[in-house]
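Working notes, beginning with the structure itself.
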Amino acid sequence: MVEYRIDRRSGVATYLQIVQQTKQALRLGLLEPGDRLPTAREVVEATAINPNTVLKAYRELEREGLVEARRGLGTFVRRTLGTHPVDSPLRAELAAWAERARAAGLDREDVDALFASVLDEHFPKDDH
Amino acid sequence: MSSEKQGGRTTTPKGRGELRDQPRRRSRRQTPHRGTPEVALEATELTKRYSRKATAALDNCSFRLPAGRISALVGPNGAGKSTLLALAGGLLRPTTGTLNVFGGAPGEFRDRVAYLAQNKPLYGQLTIAETLRMGAELNPDRWDAPYAARIIEEGSLQPGQKIRRLSGGQRTRVALALALGKRPDLMLLDEPMADLDPLARHELMGTLMADAAERGTTVLMSSHIVSELADACDHLLLLGGGRIRLGGGIDDLLAAHTLVTGRGTPADLAPHTVVEARASGRGLTALIRRDGPVEGGWATEDPSLEELLLAHLRSPDAPALLTPGTTSTRTAVQA
Numbered sequence: 001m002v003e004y005r006i007d008r009r010s011g012v013a014t015y016l017q018i019v020q021q022t023k024q025a026l027r028l029g030l031l032e033p034g035d036r037l038p039t040a041r042e043v044v045e046a047t048a049i050n051p052n053t054v055l056k057a058y059r060e061l062e063r064e065g066l067v068e069a070r071r072g073l074g075t076f077v078r079r080t081l082g083t084h085p086v087d088s089p090l091r092a093e094l095a096a097w098a099e100r101a102r103a104a105g106l107d108r109e110d111v112d113a114l115f116a117s118v119l120d121e122h123f124p125k126d127d128h
Numbered sequence: 001m002s003s004e005k006q007g008g009r010t011t012t013p014k015g016r017g018e019l020r021d022q023p024r025r026r027s028r029r030q031t032p033h034r035g036t037p038e039v040a041l042e043a044t045e046l047t048k049r050y051s052r053k054a055t056a057a058l059d060n061c062s063f064r065l066p067a068g069r070i071s072a073l074v075g076p077n078g079a080g081k082s083t084l085l086a087l088a089g090g091l092l093r094p095t096t097g098t099l100n101v102f103g104g105a106p107g108e109f110r111d112r113v114a115y116l117a118q119n120k121p122l123y124g125q126l127t128i129a130e131t132l133r134m135g136a137e138l139n140p141d142r143w144d145a146p147y148a149a150r151i152i153e154e155g156s157l158q159p160g161q162k163i164r165r166l167s168g169g170q171r172t173r174v175a176l177a178l179a180l181g182k183r184p185d186l187m188l189l190d191e192p193m194a195d196l197d198p199l200a201r202h203e204l205m206g207t208l209m210a211d212a213a214e215r216g217t218t219v220l221m222s223s224h225i226v227s228e229l230a231d232a233c234d235h236l237l238l239l240g241g242g243r244i245r246l247g248g249g250i251d252d253l254l255a256a257h258t259l260v261t262g263r264g265t266p267a268d269l270a271p272h273t274v275v276e277a278r279a280s281g282r283g284l285t286a287l288i289r290r291d292g293p294v295e296g297g298w299a300t301e302d303p304s305l306e307e308l309l310l311a312h313l314r315s316p317d318a319p320a321l322l323t324p325g326t327t328s329t330r331t332a333v334q335a
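These protein sequences, in sequence, are chains A and B.
Under full-length UniProt numbering, the very last position in the first sequence is 128; numbers go up by exactly one each time.
Under full-length UniProt numbering, the very last position in the second sequence is 335; numbers go up by exactly one each time.
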């Protein structure tokens with residue numbers, strides 16, 4: 001079962017945080033098709049947010065075709081995002097690279113900057 | 001923890017997911033006619049004066065609170081928040097005007113309403129267990145003993161402890177257990193979380209939200225802590241000078257306003273209503289209530305709930321705004 005963390009200072013709307021964290025869990029393979037998302041009641045009990053906020057997030061995920069609500073049963077994952085779960089070869093290569101960067105004396109901020117520049121080069125951002 | 005708490009009651013996200021833009025499902029008991037949302041509270045020209053010479057605590061105040069909403073009751077000190085809650089709880093009588101609770105007089109459906117006063121009145125000489133037994137005896141048809149006991153347990157309180165030996169925050173937990181244990185349809189909470197530590201506040205707010213998710217409980221809760229309200233509430237009643245200054249769904253109220261920055265004067269912002277304008281360098285920053293799209297080179301931003309509230313609190317003369325669902329029907333008919 002995924003647990004949502006709500007960051008009140010992030011400036012990101014609370015429902016979007018739930019959408020983003022669900023997608024992140026899908027990308028990392030923490031959620032797979034057939035898995036059930038926590039009920040609205042479970043989420044609000046743990047996070048003290050308004051129930052409608054959870055429903056809005058689940059509706060958005062449903063609209064994007066990522067989850068489906070089954071009457072009386074709950075909300076279930078329909079498909080996954082990306083094909084690179086936690087144990088994929090690509091992740092292993094990246095981990096090995098991070099290891100080498102540390103050995104070369106780079107600190108976290110150096111790695112962050114380097115990674116961001118390569119990311120921008122290969123995945124140019126849209127205008128917005 | 002949460003699965004235990006379900007205790008046989010099941011939640012169906014599907015059922016809720018269907019309810020597109022409507023508030024959460026109301027329990028069947030609360031729905032008199034299919035399709036007409038029940039009104040939890042409706043004030044019509046409600047005035048409360050504590051003495052003949054005093055200024056009115058509530059002054060010709062009209063609004064409605066649809067059932068199933070979690071509403072924040074906000075306003076400066078002395079705005080009439082506690083008076084409104086006590087009137088709804090049936091502890092005060094209006095000087096003039098009416099306040100209906102689920103369509104009846106306050107007190108008529110007392111079994112469906114829980115009211116928690118700001119000073120959390122409890123009997124000091126009783127133990128926690130005796131206090132909960134009082135809750136059971138006073139609410140024979142509704143009392144949920146395991147649920148109330150669990151709220152006490154989560155605060156590491158012993159049932160044998162005397163109320164008068166408890167700290168302020170512990171008393172608040174007992175008082176909330178008493179209010180929630182009744183499984184009310186309407187919770188009236190007067191600054192419920194003020195003396196709780198951050199963890200207890202988070203836990204009890206979570207408990208309250210879970211109850212609302214499960215049963216569609218209507219909550220009207222006063223507080224000064226806007227960040228807390230912004231996450232938990234979907235509806236707002238802003239009181240000022242004994243009247244409702246802002247009333248409606250928080251998303252609707254926020255969407256009706258825009259923060260604009262640019263060079264110009266408040267007069268340039270016509271036809272919009274300027275709630276508050278402040279000098280900002282050579283230009284100004286203003287919170288406006290839009291009338292059509294904003295034109296003329298202003299930089300626009302969506303306000304946060306805090307910005308919306310502060311702007312209205314700093315500008316007591318800004319015109320009131322009640323969204324259609326929050327306008328008292330009777331007043332609308334008269335107007």
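Yeah, the Cβ is synthetic: ideal placement off N, Cα and C, and Gly gets one too.
Given the structure is predicted, the values throughout are model-derived calculations rather than measurements.
Hey, is residue i's beta-carbon within less than 9 Å of any beta-carbon in chain A?
i: isoleucine 151/B; result: no
i: aspartate 252/B; result: no
i: threonine 257/B; result: In the sequence on display, residue 257/B carries histidine and not threonine. No, histidine 257/B lies away from the interface with chain A (no Cβ there is under 9 Å from its Cβ).
i: serine 227/B; result: yes
i: glycine 155/B; result: no
i: methionine 187/B; result: no
i: leucine 208/B; result: yes
i: alanine 232/B; result: yes
i: glutamate 306/B; result: no
i: methionine 205/B; result: yes
i: threonine 31/B; result: Low confidence applies here, because threonine 31/B scores a pLDDT of 42, under 50, leaving its location unreliable and the question unanswered by this model.
Suppose contacts are defined by Cβ-Cβ distances below 9 Å. Is residue i in contact with residue j by that definition?
i: serine 222/B; j: valine 74/B; result: yes
i: glycine 296/B; j: aspartate 251/B; result: no
i: glycine 160/B; j: alanine 129/B; result: yes
i: leucine 239/B; j: lysine 53/B; result: no
i: residue 344/B; j: leucine 237/B; result: Chain B is shown only over 1 to 335; residue 344/B falls outside these bounds and no answer can be derived.
i: proline 303/B; j: leucine 287/B; result: yes
i: alanine 86/B; j: lysine 182/B; result: no
i: isoleucine 225/B; j: asparagine 50/A; result: no
i: glycine 155/B; j: alanine 200/B; result: yes
i: alanine 72/B; j: histidine 235/B; result: yes
i: valine 294/B; j: threonine 285/B; result: no
i: proline 106/B; j: leucine 58/B; result: no
i: alanine 18/A; j: tyrosine 58/A; result: One detail in the question is off: residue 18/A reads as isoleucine in this sequence, not alanine. It is a contact, given that the beta carbons lie within the stated cut-off.
Can you tell me which of the three DSSP states residue i falls into?
i: arginine 9/A; result: coil
i: aspartate 190/B; result: strand
i: glycine 181/B; result: helix
i: proline 32/B; result: Reliability fails at proline 32/B, whose pLDDT of 46 lies under 50, so the model's placement of it is uncertain and no value is given.
i: proline 33/A; result: coil
i: arginine 64/B; result: strand
i: alanine 212/B; result: helix
i: alanine 95/A; result: helix
i: tyrosine 147/B; result: helix
i: serine 222/B; result: strand
i: isoleucine 244/B; result: strand
i: arginine 71/A; result: coil
i: histidine 272/B; result: coil
i: arginine 25/B; result: Annotation note: pLDDT 46 at arginine 25/B (below 50); position unreliable, coordinate value reported separately. Coil at arginine 25/B, not helix or strand.
i: leucine 122/B; result: coil
i: alanine 46/A; result: helix
i: phenylalanine 76/A; result: strand
i: aspartate 118/A; result: The amino acid at residue 118/A is misidentified as aspartate; the sequence shows valine. Reduced to three states, the DSSP call for valine 118/A is helix.
i: valine 2/A; result: coil
i: glutamate 38/B; result: coil
i: valine 74/B; result: strand
Nearest chain B C-beta to residue i closer than 9 Å, yes or no?
i: threonine 47/A; result: yes
i: arginine 8/A; result: yes
i: alanine 104/A; result: no
i: proline 51/A; result: yes
i: threonine 22/A; result: no
i: valine 54/A; result: yes
i: histidine 128/A; result: In this prediction, histidine 128/A has a pLDDT of 43, which is less than 50 and means its spatial position is unreliable; what the coordinates show is noted afterwards. Histidine 128/A does not count as touching chain B.
_Segment contact, 8 Å Cβ cut-off, at least three pairs: the region 292-308 of chain B with the region 253-272 of chain B_ = With a cut-off of 8 Å on Cβ pairs, the region 292-308 of chain B is in contact with the region 253-272 of chain B, counting three or more such pairs.
Meets three-Cβ-pair contact criterion under 8 Å: the region 191-204 of chain B and the region 42-49 of chain B: Judged by Cβ distances under 8 Å, the region 191-204 of chain B makes no contact with the region 42-49 of chain B, as fewer than three pairs qualify.
inquiry  = Using a Cβ distance threshold of 8 Å, determine whether the region 166-182 of chain B contacts the region 118-125 of chain B, with at least three qualifying pairs required.
reply    = The region 166-182 of chain B is in contact with the region 118-125 of chain B.
query: With contact counted as at least three CB pairs below 8 Å, one residue from each stretch, are the region 272-284 of chain B and the region 318-328 of chain B in contact?
result: Counting Cβ pairs under 8 Å, three or more are found: they touch.
Open item on the list: Is it the case that the region 237-252 of chain B contacts the region 208-216 of chain B, given that we only count it when at least three CB pairs across the two stretches are under 8 Å?
Closed with: Verdict: no, contact absent.
request  = Taking 8 Å as the threshold, find out whether the region 72-88 of chain B comes into contact with the region 137-144 of chain B through three or more Cβ pairs.
outcome  = Contact fails between the region 72-88 of chain B and the region 137-144 of chain B, because fewer than three Cβ pairs, one in each stretch, are under 8 Å apart.
- prompt: When you check each C-beta in the region 61-80 of chain B against every C-beta of chain A, which residues fall closer than 7 Å?
  reply: Result list: Ile70.
- Going along the chain, which residues of the region 15-45 of chain A sit with their C-beta nearer than 7 Å to a C-beta in chain B? For the region 15-45 of chain A, the beta-carbon criterion of a distance under 7 Å to any beta-carbon of chain B is satisfied by Thr39, Ala40, Arg41, Glu42, Val44 and Glu45.
Members of the region 190-203 of chain B near chain A, C-beta cut-off 9 Å: Listed in sequence order: Arg201, His202 and Glu203.
Stretch-stretch touch, CB-based, cutoff 8 Å, three pairs: the region 42-61 of chain A with the region 7-26 of chain A: Contact between the region 42-61 of chain A and the region 7-26 of chain A is present, because at least three Cβ pairs lie under 8 Å.
Please list, in chain order, the residues of the region 118-152 of chain B that have any C-beta partner in chain A closer than 8 Å.
Of all residues in the region 118-152 of chain B, none has a C-beta nearer than 8 Å to a C-beta of chain A.
Should the region 61-68 of chain A be regarded as contacting the region 106-119 of chain A, the criterion being three or more beta carbon pairs within less than 8 Å? Too few Cβ pairs lie closer than 8 Å, so no.
Quiz item: Taking a cut of 7 Å between CB atoms, which residues from the region 172-187 of chain B lie near chain A?
Solution: Along the region 172-187 of chain B, there is no position whose C-beta sits under 7 Å from a C-beta of chain A.
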